[in-house]
Structure formats: structure tokens, C-alpha cells
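A quick write-up on the structure given underneath.
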Amino acid sequence: MKKLLILLITILFINLTSYAIEEVQLEKENLNFNKLSDIYYGNVENNESINPLIRLFTKKGLEFENSKINSVKIGFLYGGQMKLGFGSEQSTYFNHDFTVIEPMIIANFNENKTKAMFDINLTRKIKDYPNNFTEKISKLYISHNITPEQKILFGQGDRVPNTFNGSISYYNLDTVMKSQSGRTIGDYRSVGIRNIADYKYFDYDIGVYDSTRYMRDFGHGLDFTGKLVLKPFANLDNIGDLKIGGAYTVGEYANSYHQYAFYSAYDYKKFGIKAEYVNADGYNSIHYSNNNADGFYTTLSYDINDKFSLIGRYDYFVPNKAQTSSNSAEYTIGLTYKPYKNMKVLFNLVRTDYSYKDDSNMVLFATKFII
Numbered sequence: 002m003k004k005l006l007i008l009l010i011t012i013l014f015i016n017l018t019s020y021a022i023e024e025v026q027l028e029k030e031n032l033n034f035n036k037l038s039d040i041y042y043g044n045v046e047n048n049e050s051i052n053p054l055i056r057l058f059t060k061k062g063l064e065f066e067n068s069k070i071n072s073v074k075i076g077f078l079y080g081g082q083m084k085l086g087f088g089s090e091q092s093t094y095f096n097h098d099f100t101v102i103e104p105m106i107i108a109n110f111n112e113n114k115t116k117a118m119f120d121i122n123l124t125r126k127i128k129d130y131p132n133n134f135t136e137k138i139s140k141l142y143i144s145h146n147i148t149p150e151q152k153i154l155f156g157q158g159d160r161v162p163n164t165f166n167g168s169i170s171y172y173n174l175d176t177v178m179k180s181q182s183g184r185t186i187g188d189y190r191s192v193g194i195r196n197i198a199d200y201k202y203f204d205y206d207i208g209v210y211d212s213t214r215y216m217r218d219f220g221h222g223l224d225f226t227g228k229l230v231l232k233p234f235a236n237l238d239n240i241g242d243l244k245i246g247g248a249y250t251v252g253e254y255a256n257s258y259h260q261y262a263f264y265s266a267y268d269y270k271k272f273g274i275k276a277e278y279v280n281a282d283g284y285n286s287i288h289y290s291n292n293n294a295d296g297f298y299t300t301l302s303y304d305i306n307d308k309f310s311l312i313g314r315y316d317y318f319v320p321n322k323a324q325t326s327s328n329s330a331e332y333t334i335g336l337t338y339k340p341y342k343n344m345k346v347l348f349n350l351v352r353t354d355y356s357y358k359d360d361s362n363m364v365l366f367a368t369k370f371i372i
């Protein structure tokens, strides 16, 4: 397994530096890496010409006729990260880790209206977590499409949307790290039942969850989380895409807690801006805290072309409002490179100013690949 991972990473970095395009023989069809991305995204007209083993990794997966199982799809998400830290009064350090090594399997039933999914991140380690297997499970659920716009999900699905940045998937992040409020108050999964909808002018995600995280220890309480996003420009052309939303969470674990978040995002051609404010009266993320906290960030992005994007973010966070000097401010600038549709390379410079300890600087480099 270790040798296989080393080989995979070596192949990825060789392709980034040399820009070489190898041709792969696949069912009498020459396919370069861009076309392999097309296979993944379902842009190949004749799916039957693709080898059945490769079809397992396509958008539709391996399809079956006259079977209760309509299709089976296998996926894989990889993320590796390097970090160099330094400051005026701190020693320089360097580390590298495999942030995500995540195989997944999806089975579709009932004319593709019902789906079962299992997804496990082999690298996840949660401090003081009693079970080394359940902490690694990202998704284990069954969902059913009530209508084309609505579905019901039971089990542990995507991250609970109590904050917008915290609930973003690892692959879709604009920066290497999530915002301070997102990674402290959000960024967790829990077992529950949720109603998820995506309409033209709005979408929502409403759910009731067990108040433990990653199936740690059931039965200590429940929490409710609801998210609503409005899309007022959905029917207007040449004006950009505007989203305005809010999220609210209330629940009980060791004590009661509640949080709320306000979010807005606007994209116009090559330019994008996002902002979010989060307030927590106690919070129950991967670990519980009865601290009152709040934070705000805004992110600017500019697409230089189809492959390169510039990112800038200001991020302010107070983890404990009872302590007058507990705030920190992060300043991030970065460059994102997308060599293929399903691959990203991120380079970030991060400066953090603390009110309670020495300031720090970090250079972050991350590679992400999904199939």
C-alpha cells in the first residue's frame, strides 16, 4: 500500500512539472489525461466503449440491466499537504502529511432515485477518539430523491452545514485551510435525518442529528441545523451569480449550545467575493466547548485563465469572548493551479497575528486529486 501511494504521488508531480501528456490505450481508443478527466465527468458520448473496470470510476458508474442495482460507482479522493512555518521568535518547522486518502463506493437503486454510499478517510485521526475505525468514516448513508429537487438522507452524509465555510468539501476549498471559524466551530459530520433541496431561486438543508460526532457515542442529545440560501439573480443574464444565506444550530451535549451564521457570495465573470459571519454560544464540533466565540472572513478570487486563479482572504476570529485578548487575524494570499478538471494544486502564504502569543507565518502547498 505504501509503495502504491508513493508511486501515485510520483506520477502526479512528474505530470505537474513536465506537462507531459502520455497516451493511454483503452478499448482501441487513445486517451490523454484531459480525456480521462472527460471520462470522469461523463463527457464521453459512447460509455459502452470504455472498459467495465474503468466505468466504475465514471460519472454514471458501471450500469446494470434487469437488476435491482442500477449502477455502482467507485471513487477516490487524495490530498497531500506540505507546511513550512517560521516567525520572528519561533523556530522554523516543516512537515508533510497525507490529509486525505479517501476511497468511496456508491450504489444506485430504484431507477436511480435511491442511493447508498460508504466513504472512509484512511488518514483521519481525532484526538482522544475511542474508536479508530468509526472516526475515519466520512459517509455512511441512504438517500432517496422525493422529486428532482428534493431528497431525504438518513445516516452520516456531508458535513453538517452549521457554517458555510466549515461545511465545504475538502476538494472544493478555495484555500489550503478552512477559515478559523469554519475549522473550529464547523467541519464535522454526524448521524441524522435531513431534507436537502436545490431549487432555481433557493436551496436548503434541514436536519436533526445525534449530538455526537463521527458515531462516537450515541445518546447524549440531539441538535437541529438548518441552512437556507437565496439565489435572487438566478433568472438574470450577464449580471453575475449572487447567493445570500444563513444557518442556525441549536442542541445539547454536555450543555446546551446554539450558533448562527450569515453568508453572501457574488461571482461575475472572472471575479468572486465571499463573506461570512459566525457567532456561537457554545459549540459542539469534533470537540465540545462552552466558550462563546465569533468570527468573520472575506475571500476575494480572480481567475487569470482556465487553469490559474489568485486568492486573498482576511479572517478574524475570537475563540473565547470572555477573554479580552484571545483574538487572531489571518491574512492569506495564494495561487491555485488546475492542470486537469479533477486536479488542483494550491500554494498559500499565511500570516497570523495573535493578541496572546507571537505572530506566525506559514507557507502551504497542497495537491488534490479526485476520481
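According to this note's numbering, the sequence shown is numbered sequentially starting from 2.
Note that beta-carbon positions come from the ideal geometry of N, C-alpha and C, so glycine has one too.
Boundaries (first-last residue) of the alpha helix (DSSP H) holding Arg-376: Since the first residue of the chain shown is 2 and the last is 372, residue 376 is not available in this structure.
Boundaries of the beta strand (DSSP E) in which Arg-56 is found, first to last residue: Taken as a continuous stretch (DSSP letters only), Arg-56 belongs to no beta strand (DSSP E), being part of the alpha helix (DSSP H) at 53 to 56.
Would Asn-196 and Tyr-210 qualify as a contact pair, given that the criterion is a beta-carbon distance under 9 Å? Going by C-beta atoms, Asn-196 is not nearer than 9 Å to Tyr-210.
Can you round the beta-carbon distance between Leu-336 and Phe-370 to whole angstroms, since I take them to be within the 8 Å contact cut? Rounded to whole angstroms, the Cβ separation of Leu-336 and Phe-370 is 18 Å, and the two are not in contact under 8 Å.
Answer with buried or exposed for Phe-87, where buried requires no fewer than 16 other C-beta atoms within 10 angstroms of its C-beta. Around the CB of Phe-87, fewer than 16 other CB atoms lie within 10 Å, so the residue is classed as exposed.
Tell me whether Thr-299 sits in a helix, a strand or coil according to DSSP, three-state version. Three-state result, Thr-299: strand.
Sheet register partners of His-1 (DSSP bridge): For residue 1 there is no data in the structure shown, the boundaries of the chain being 2 and 372.
Could you check if Gly-273 is buried or exposed, using at least 16 other CB atoms within 10 Å of its CB as the buried criterion? Answer is buried; the Cβ neighbour count reaches 16.
Identify the continuous beta strand (DSSP E) that holds Pro-320 and give its terminal residues. Neither: Pro-320 is in no beta strand (DSSP E) and is coded neither H nor E.
Between which two residues does the beta strand (DSSP E) containing Ser-329 stretch? From DSSP, the beta strand (DSSP E) with Ser-329 extends over 329 to 341.
Proximity below 9 Å, CB of Gly-80 to CB of Thr-100: A contact, by the Cβ cut-off of 9 Å.
For Lys-137, three-class secondary structure by DSSP: Looking at Lys-137 - three-state DSSP - the assignment turns out to be helix.
Return the first residue and the last residue of the beta strand (DSSP E) that Phe-366 is part of. In the DSSP assignment, Phe-366 falls within the unbroken beta strand (DSSP E) covering 361 to 371.
Closest residue to Pro-131 among Asp-218, Phe-165, Lys-275, Ala-367 (Cα-Cα distance): Comparing Cα positions, the closest option is Asp-218.
Give me the residue from Gly-252, Leu-347, Ile-186 with the minimum Cα distance to Val-279. Looking from the CA of Val-279, the closest CA among Gly-252, Leu-347, Ile-186 belongs to Ile-186.
Same chain, Cβ closer than 6 Å to Lys-126, five either side skipped, listed in chain order: Nothing listed; no residue qualifies.
Buried or exposed: Gly-220, going by 16 or more other Cβ atoms within 10 Å of its Cβ? Exposed, because fewer than 16 other Cβ atoms sit within 10 Å of the Cβ of Gly-220.
Pop quiz: Met-363 and Val-351 are said to be a contact at Cβ under 8 Å. What is the actual Cβ separation, rounded to whole angstroms? Yes, they are in contact, since the Cβ atoms of Met-363 and Val-351 sit about 4 Å apart, within 8 Å.
Three-state secondary structure assigned by DSSP to Ser-92: The three-state reading of DSSP puts Ser-92 in coil, since its state is none of H, G, I, E or B.
Please confirm if the region 220 to 236 is in contact with the region 250 to 259, defined as three or more CB-CB distances below 8 Å between the two stretches. Yes, the region 220 to 236 touches the region 250 to 259.
Just the Cα atoms here: how many angstroms apart are Asn-239 and Gly-246? Near 22 Å, if we compare the C-alpha coordinates of Gly-246 and Asn-239.
Beta carbon of Met-83 nearer than 9 Å to that of Phe-95: Yes. Within cutoff.
With a threshold of 16 other CB atoms inside 10 Å of the CB of Leu-154, please say whether the residue is buried or exposed. Here Leu-154 is buried. Its C-beta has 16 or more other C-beta atoms within 10 Å.
Give me, in chain order, the residues of the same chain whose beta-carbon lies closer than 6 Å to that of Ser-144; leave out the 5 immediate sequence neighbours on both sides. If we look at Ser-144 and ignore the five residues flanking it on each side, its Cβ neighbours are Lys-116, Lys-152, Leu-154.
Excluding the 5 residues flanking Thr-93 on each side, which residues of the same chain have their C-beta closer than 6 Å to its C-beta? Counting only residues of its own chain and dropping the five nearest sequence neighbours on each side, Thr-93 has a CB closer than 6 Å to the CB of Phe-87.
Residues of its chain near Ser-361, where Cβ-Cβ distance is below 7 Å and the 5 sequence neighbours each way are ignored: Correct list, in chain order: Gly-86, Gly-88, Gln-91, Thr-353.
In whole angstroms, give me the CA-to-CA distance for Thr-135 and Leu-123. Rounded to the nearest angstrom, the two C-alpha atoms are 11 Å apart.
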